[in-house]
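Student: First residue of the sequence shown: 1, per UniProt numbering; consecutive thereafter. We put the CB at the ideal spot given by N, CA and C, even for glycine.
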Amino acid sequence: MFTQEAYKKSLADNFHVERGSDSAKILAFKSKAPAPPSGMENSARGVYTNNSAGVRAKKTCRQIPSAPERILDAPELIDDYYLNLIDWGSSNQVAVALGCTVYMWNADTGAINQLCQTNPADEEDYITSVNWGADGKHIAVGTNSAEVQIWDASQCKKVRTLRGHAARVGAISWNGSQLATGGRDNTIMIHDVRIREHCTSTLRVHQQEVCGLKWSPSGNQLASGGNDNLLHIFDATSIGNRQALHRLDAHQAAVKALAWCPFQSNLLASGGGTADRCIKFWNTNTGAMLNSVDTHSQVCSLQWNTHERELLSSHGYSQNQLCLWKYPTMTKMAELTGHQARVLHMAQSPDGTTVVSAAADETLRFWKCFDNSVEKTKKVRDANDSSVLRRFNFR
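#1: Between the alpha carbons of N309 and T331, how many angstroms are there, rounded?
#2: Could you check whether G273 and A254 sit closer than 9 angstroms to each other, using their CB atoms as the reference points?
#3: Would you identify the three-state DSSP class for A53, choosing helix, strand or coil?
#4: Looking only at its chain, what residues have a beta carbon closer than 7 angstroms to the beta carbon of D276, apart from the 5 residues adjacent to it on each side?
#5: If we require 3 or more residues per run, which beta strand (DSSP E) segments fall completely within the region 284-345?
#6: Quick check on this structure: which residue in G225, C261, A121, K256 has the alpha carbon closest to the alpha carbon of A244?
#7: Quick check on this structure: which residue in H198, I139, P120 has the alpha carbon closest to the alpha carbon of R163?
#8: If you draw a straight line from the C-alpha of N305 to the C-alpha of L311, how long is it?
#9: Can you tell me the Cα-Cα spacing of V96 and H232, whole angstroms?
#10: Count the other CB atoms within 10 Å of the CB of D185; is the residue buried (16 or more) or exposed (fewer)?
#11: How far does the beta strand (DSSP E) with L248 in it extend, from its first residue to its last?
#12: Within the chosen definition, does the region 113-132 reach the region 145-153 through at least 3 CB pairs nearer than 8 angstroms?
#13: Helix, strand or coil for I195 per DSSP?
#14: Just list the residues that DSSP pairs C156 with in beta bridges.
#15: Flag this pair as touching only if the region 340-357 and the region 312-320 have three or more C-beta atom pairs under 8 angstroms; answer yes or no.
#16: Spatial neighbours of A223 within its chain, please: C-beta separation below 6 angstroms, excluding the five flanking residues on both sides.
#17: Among residues of its own chain, excluding the 5 on either side of D79, which ones have a beta-carbon nearer than 8 angstroms to its beta-carbon?
#18: Tell me whether S201 sits in a helix, a strand or coil according to DSSP, three-state version.
#19: Buried or exposed for S238, please, with buried defined as at least 16 other CB atoms from any protein chain shown within 10 angstroms of its CB.
#20: Look up Q117 in the DSSP assignment and give the residues it is bridged to.
#21: Starting from residue 396, follow the beta strand (DSSP E) in both directions and report where the run begins and ends.
#22: Could you tell me which residues DSSP puts in a beta bridge with Q178?
#23: By a C-beta neighbour count over all protein chains shown, 10 Å radius and 16 as the cutoff for buried, is V159 buried or exposed?
#24: Going by DSSP, which residues form a beta bridge with L162?
#25: What separation, rounded to the nearest whole angstrom, lies between the Cα atoms of F263 and G136?
#26: Under a Cβ-count criterion, where at least 16 other Cβ atoms within 10 Å of its own Cβ denotes burial, should A180 be classed as buried or exposed?
#27: When the distance is taken between beta carbons, is I279 closer than 9 angstroms to L302?
#28: For the candidate residues C369, D351, A347, T337, whose alpha-carbon lies nearest to that of V94?
#29: What do you get for N229, buried or exposed, if any count of 16 or more other CB atoms within 10 angstroms of its CB means buried?
#30: Does the beta-carbon of T187 have 16 or more other beta-carbons within 10 angstroms, so that it is buried, or is it exposed?
#31: When the Cα of C156 is compared with those of N113, T329, H165, M289, which residue comes out closest?
#32: Tell me the residue span of the beta strand (DSSP E) that contains S270.
#33: Considering just the uninterrupted stretch of the beta strand (DSSP E) at A134, what are its terminal residues?
#34: Classify A106: buried if its beta carbon has 16 or more other beta carbons within 10 angstroms, exposed otherwise.
#35: Can you check which of these residues, T101, A171, D108, is closest to N131 by C-alpha distance?
#36: Can the beta-carbon of S349 be found closer than 9 angstroms to that of L322?
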């Protein structure tokens, strides 16, 4: 075996260098490297500096606030999974049903106005659903007494009452001048609000209460979910035939949460109740289930991000949280916590940056979770700021 000294001598002999001198260094930097010929330096720099086609831009990760921007007190919000009690209209007003009253909160000014009220003397009558029309002016209100009322929100004036259901109306969805309503009488009614005989079709495809109802953004399809664990897809052009395009029975609990994808017209997300806990994705043209994800909690509501390929879900027992998922991998990006009871409803702002959640803890929380701006200039408000609760309550 070579000693260290013998190894050094062997190297020196083989490379024919004189030991102990500067020349013994294989790389001996005695002076600066010679300058390149005139013109060459700038030319090379231009090539390597300006040629960025092959260089991948670094993607900036957006910040997802873990606390709500604002909290509103919402007393008497009914703890009922099958109702739909909040919606955010294109006029930037949030409508929320609290017991027998519908309130409107203006997101621009913070002003609160009472829209309507059922008979306070009748304890059995209360608001069961609200849904804004696309114009941001008209709003449909369902009641426990089986009525559907159409209101002009700009004047707080009722313009029409639609009757036909035999029990409470817990689900409503607008499609232009068409209005789909679903009730505890297991039926879906299609109304044309422009004509006297408003009911144009009655669909009897569910065996229990209809709790989820959503027209697709194009208005070409209607999705309905019920307490019978069924999801139905209807084609708008043949809805008069009263037959569903697809009858989907993969869920193991009530199907209330429905959300049409904003970037793929035939993609629908649906969420199941406590015995199911899954978010399922469907090709509504073929009826094929594309994916199913167990969330380990009751799925109450779903909202797609219109800026990114993301989906937000709200949950009941036992975590009472909101979860942000990356689509299509369904990697969980964030959990938004703070609610003390199940998060029954969600609605999205017109600009697609903010989601309001309504929970059985009688609070509304506003999450700027879909904001795609890189820099955050606005400080997130403390979720426990009691002054916010006092200032913005609905009492």
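Tutor: This is what the structure holds:
#1: As a working mapping, residue 309 is identified with position 309 in the sequence shown. As a working mapping, residue 331 is identified with position 331 in the sequence shown. Just to set this straight, residue 309 is Arg in the shown sequence, not Asn. Each residue's alpha carbon lies about 11 angstroms from the other.
#2: Taking the first residue of the sequence shown as 1, we reach residue 254 at position 254. Taking the first residue of the sequence shown as 1, we reach residue 273 at position 273. Result yes, Cβ atoms of A254 and G273 sit closer than 9 angstroms.
#3: In the sequence shown, residue 53 corresponds to position 53, counting from 1. No answer about A53 holds up, because its pLDDT of 43 lies below 50 and its placement is not dependable.
#4: Reading the sequence shown from its first residue, position 276 is the one you call residue 276. Once the five neighbours on either side are set aside, the close Cβ partners of D276 are H251, Q252, A253.
#5: 288-294, 299-304, 310-315, 322-326, 331-336
#6: Counting from one through the sequence shown, the residue named residue 244 turns up at place 244. The option with the nearest alpha carbon to A244 is G225.
#7: Taking the first residue of the sequence shown as 1, we reach residue 163 at position 163. Among H198, I139, P120, the Cα nearest to that of R163 is on H198.
#8: Position 305 of the sequence shown, counted from the start, is the residue given in the question as residue 305. Position 311 of the sequence shown, counted from the start, is the residue given in the question as residue 311. Going by the C-alpha atoms only, they are around 6 angstroms apart.
#9: Here residue 96 is taken as the residue at index 96 of the sequence shown, counted from 1. Here residue 232 is taken as the residue at index 232 of the sequence shown, counted from 1. Spanning the two alpha carbons is a distance of roughly 27 angstroms.
#10: Within the sequence shown, numbered from 1, the residue matching residue 185 stands at position 185. Buried, by the Cβ-count rule.
#11: Taking the first residue of the sequence shown as position 1, residue 248 is located at position 248. Counting along the chain, the beta strand (DSSP E) containing L248 begins and ends at 246-248.
#12: yes
#13: By 1-based counting over the sequence shown, the position of residue 195 is 195. In the structure shown, I195 sits in coil (DSSP, three-state: anything other than H, G, I, E or B).
#14: Position 156 of the sequence shown, counted from the first residue, corresponds to residue 156. The partner list for C156 (beta bridge, DSSP) is empty, contrary to what the question assumes.
#15: yes
#16: Against the sequence shown, residue 223 aligns to sequence position 223. Excluding positions up to five away in sequence, the list reads K214, I233, L258, L268.
#17: The sequence position of residue 79 within the sequence shown is 79, counting from 1. Cβ neighbours of D79 beyond the five flanking positions: A341, R342, L344, A360.
#18: Along the sequence shown, one-based indexing puts residue 201 at 201. Strand, per DSSP.
#19: Counting from 1 along the sequence shown, the entry for residue 238 is found at position 238. Burial call: exposed.
#20: Numbered from 1 along the sequence shown, position 117 holds the residue referred to as residue 117. Partner(s): T101.
#21: The structure shown does not extend to residue 396, since the chain is modelled only from 1 to 395, so the question has no answer here.
#22: Residue 178 sits at position 178 when you count from the first residue of the sequence shown. DSSP lists N175, D192 as partners of Q178.
#23: On the sequence shown, position 159 is the one that residue 159 refers to. With fewer than 16 Cβ atoms within 10 Å of its Cβ, V159 is classed as exposed.
#24: Translated into the one-based positions of the sequence shown, residue 162 becomes position 162. V148, per the DSSP bridge assignment.
#25: Here residue 263 refers to the residue found at position 263 of the sequence shown. Here residue 136 refers to the residue found at position 136 of the sequence shown. Rounded to whole angstroms, F263 to G136 spans 23 angstroms at the Cα level.
#26: Along the sequence shown, read from residue 1 onward, the residue named residue 180 stands at position 180. Buried, by the Cβ-count rule.
#27: Taking the first residue of the sequence shown as position 1, residue 302 is located at position 302. Taking the first residue of the sequence shown as position 1, residue 279 is located at position 279. Yes.
#28: Within the sequence shown, the letter at position 94 stands for residue 94. Comparing Cα positions, the closest option is A347.
#29: For the purposes of this step, residue 229 is taken as the residue at position 229 of the sequence shown. Buried is the call here.
#30: For the purposes of this step, residue 187 is taken as residue 187 along the sequence shown, with counting starting at 1. Here T187 is buried, its C-beta having at least 16 other C-beta atoms within 10 Å.
#31: Locating residue 156 in the sequence shown gives position 156, where the first residue counts as 1. Ranking N113, T329, H165, M289 by Cα distance to C156 puts N113 first.
#32: Residue mapping note: residue 270 aligns to position 270 of the sequence shown, counting from 1. Note, S270: beta strand (DSSP E), 267-272.
#33: Here residue 134 is taken as the residue at index 134 of the sequence shown, counted from 1. Note, A134: premise wrong, no beta strand (DSSP E); not H, not E.
#34: Taking the sequence shown and counting its residues from 1, one reaches residue 106 at position 106. Note on residue identity: the sequence assigns Asn, not Ala, to residue 106. Its Cβ having fewer than 16 others within 10 Å, N106 is exposed.
#35: Here residue 131 refers to the residue found at position 131 of the sequence shown. When only C-alpha atoms are compared, the closest one is A171.
#36: As a working note, residue 349 is residue 349 in the sequence shown. As a working note, residue 322 is residue 322 in the sequence shown. It is not a contact, given that the beta carbons lie outside the stated cut-off.
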